[in-house]
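Down below is the structure, laid out as structure tokens.
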Amino acid sequence: MKLTILSIIISISGSVLAQDFTLPELRFSYDAYEQGIDAQTMEIHHSKHHRGYVRKLNNAVAASKLEGKSLVDLLMYASYRSTAVRNNAGGHYNHTLFWEILTPSTSTTAPEAMKNQLERAINKTFGSLENLRKELSAAAAKRFGSGWAWLVVTPNKELVVSSSPNQDNPIMDVSDVRGIPILGIDVWEHAYYLRYQNKRGDYLSAIWSLLDWGVVSQKYAVALSDPLLLRIERENWPQMNAFHKVLAQTFHAAEKGDFKPVRELSGGLYAKSILLQDSDIPKSLLKPEVVSALTRLEKKCGSLQKLVSKNAKNKNIMKSLSSVHDIFHEVQGLCHD
Ligand code: MN
């Protein structure tokens, strides 16, 4: 008897500890958005589609043993995740943002609800709110098939309009434009088909009258000082990632006594170190120590390549490869200060 109670307690606390993702409430009732989106669409979109993303996300996270990871972590490394995690983490994040920025209240859909800070940034970047509307609508209209149109704050703290397919979004490492989205428009047919059928343009005009500029302004202010911007900037350095990949392949094998990878790939490693040294260093990492370490890294990779081409002994190759590895970690350390 005691054992049964104990196992019930364990199973209950187990499911509580897993901290499943949950479906957020809408801010208003399903029929409150009628001026732009009919009640049935809102209800199906929220209670069926979004609920489905949340349920499948929880299943996919459990299947990939990623319990406890934050939604942002799941998105940031989307290219390393299963398709189910990528699609459903995106689906959950994107729709949560979408519900937050929609309102039927005319007091906040009016451009006057916009805070000065956002208004200035929009005018500086796009010339006017009307131009932003045109750019966003064009991005949404041009998105082939299903996807989203975004207003994004980039790591340079600039505003950019972009779009992405399926449930991808700008936080993901697979995205062309990266940053924090502060406004997203769902252009999946499930978002508009009941009322607008194939007329995506009419839906986009209607959506414009539901955007809550008070909330978007708040999201802009929060995004500007969000540490996530810095994370995105630093990890969005393709030449560094490419170098790291080859170094990992060669160094760890050599440590275990297998010198085949380093003998085969030392030329590739040297080439990657040259590309790395020539690459655009992320702005926040642009310091003399990093620049000089990258130069030393390239030189060391050149020496390693020479040793390999002279068919040097494993012992000497290991010594050279270790110094490449040390400098690489020095760079990494400088990048995380
Ligand atoms: Mn949707």
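Here this note's numbering is used: the first residue of the sequence shown is 4, the next is one more, and so on. For glycine and all other residues, C-beta sits at the position ideal for the given N, C-alpha and C.
With a threshold of 6 Å, establish whether the CB of residue i neighbours any heavy atom of ligand 1.
i, result
"Trp191", "yes"
"His255", "no"
"His52", "yes"
"Ala143", "no"
"Ala209", "no"
"Ala152", "no"
"Ala194", "yes"
Here's the rule: buried if 16 or more other CB atoms are within 10 angstroms of the residue's CB, otherwise exposed. What is residue i?
i, result
"Lys309", "exposed"
"Tyr223", "buried"
"Leu289", "exposed"
"Asp215", "buried"
"Asn201", "exposed"
"Gly336", "exposed"
"Asp171", "buried"
"Thr25", "exposed"
"Tyr83", "exposed"
"Arg181", "buried"
"Glu161", "exposed"
"Val57", "buried"
"Thr298", "exposed"
"Leu294", "According to the sequence shown, residue 294 is Val rather than Leu. When all chains shown are included, Val294 counts as exposed."
"Val265", "buried"
"Asn314", "exposed"
"Thr112", "buried"
"Thr253", "buried"
"Ser140", "buried"
"Ala66", "exposed"
"Lys303", "buried"
Once DSSP output is grouped into helix, strand and coil, what is the label at residue i?
i, result
"Val2", "Any property of residue 2 remains undetermined from this structure, which presents the chain solely from 4 to 340."
"Gly55", "helix"
"Gly71", "coil"
"Ala152", "strand"
"Leu135", "helix"
"Leu121", "helix"
"Leu105", "strand"
"Ile330", "helix"
"Ile15", "Summary for Ile15: the model assigns pLDDT 47, below 50, so the residue's position carries little reliability, and this model does not support an answer."
"Arg299", "helix"
"Gly130", "coil"
"Asn90", "helix"
"Ser10", "Legend: pLDDT at Ser10 = 49, less than 50; position of this residue unreliable, value from coordinates given subsequently. It is helical."
"Asn169", "coil"
"Glu46", "helix"
"Lys5", "Only weak support is given to the placement of Lys5: the predicted model assigns it a pLDDT of 48, under 50, and the question is left unresolved by the model."
"Glu37", "coil"
"Ile320", "helix"
"Asp314", "According to the sequence displayed, residue 314 carries Asn and not Asp. If DSSP states are grouped into helix, strand and coil, Asn314 belongs with coil."
"Arg84", "coil"
"Ser228", "coil"
"Ser32", "coil"
"Lys309", "helix"
"Gln27", "Correcting the residue identity first, residue 27 is Pro in this sequence and not Gln. Residue state, collapsed to three classes: coil."
Closest to residue i by CA distance: which of the options is it?
i, options, result
"Arg146", "Thr157, Ser165 and Lys160", "Ser165"
"His95", "Leu300, Ala296 and Asp189", "Asp189"
"Ser110", "Val218, Leu186 and Ala42", "Val218"
"Asp261", "Thr298, Lys316, Gln335 and Trp216", "Lys316"
"Ile47", "Tyr33, Ala256, Ile104 and Ala144", "Tyr33"
"Arg54", "Val75, Glu28 and Val327", "Glu28"
"Thr157", "Ala142, Ala66, Lys263 and Leu233", "Leu233"
"Pro168", "Gly93, Glu122, Ile235 and Glu161", "Gly93"
"Leu268", "Ala251, Val177 and Arg237", "Ala251"
"Ser1", "Trp151, Asn97 and Ser323", "Nothing can be reported for residue 1: it is not among the residues displayed for the chain, which extend from 4 to 340."
"Ser178", "Ala194, Leu186 and Trp151", "Trp151"
"Ile185", "Asp229, Leu100 and Tyr196", "Leu100"
"Glu301", "Lys263, Lys137 and Gln242", "Gln242"
"Ser228", "Lys68, Asp76, Ile183 and Asp205", "Ile183"
"Pro107", "His193, Leu213, Asn61 and Ser208", "Leu213"
"Arg198", "Arg30, Ala35 and Gln43", "Gln43"
"His332", "Lys263, Phe246 and Pro285", "Phe246"
"Ala257", "Val163, Ser67, Ser149 and Asn319", "Asn319"
"Phe129", "Gln280, Leu154, Tyr36 and His98", "Leu154"
"Ala35", "Val334, Leu105 and Lys275", "Leu105"
"Trp240", "Glu103, Gly71 and Cys338", "Cys338"
Between residue i and chain C, is any beta-carbon pair separated by less than 7 Å?
i, result
"Leu105", "Checking the listed chains, one finds no chain C in this structure; it contains a single protein chain."
Is residue i near ligand 2 - that is, is its Cβ less than 6 Å away from at least one heavy atom of it?
i, result
"Gln242", "Ligand 2 is not part of this structure, which contains only ligand 1."
Length-filtered (3 minimum) beta strand (DSSP E) runs lying within the stretch 179 to 221: 183 to 189
List in chain order: all unbroken beta strand (DSSP E) runs of 3+ residues lying wholly within the stretch 252 to 287. none
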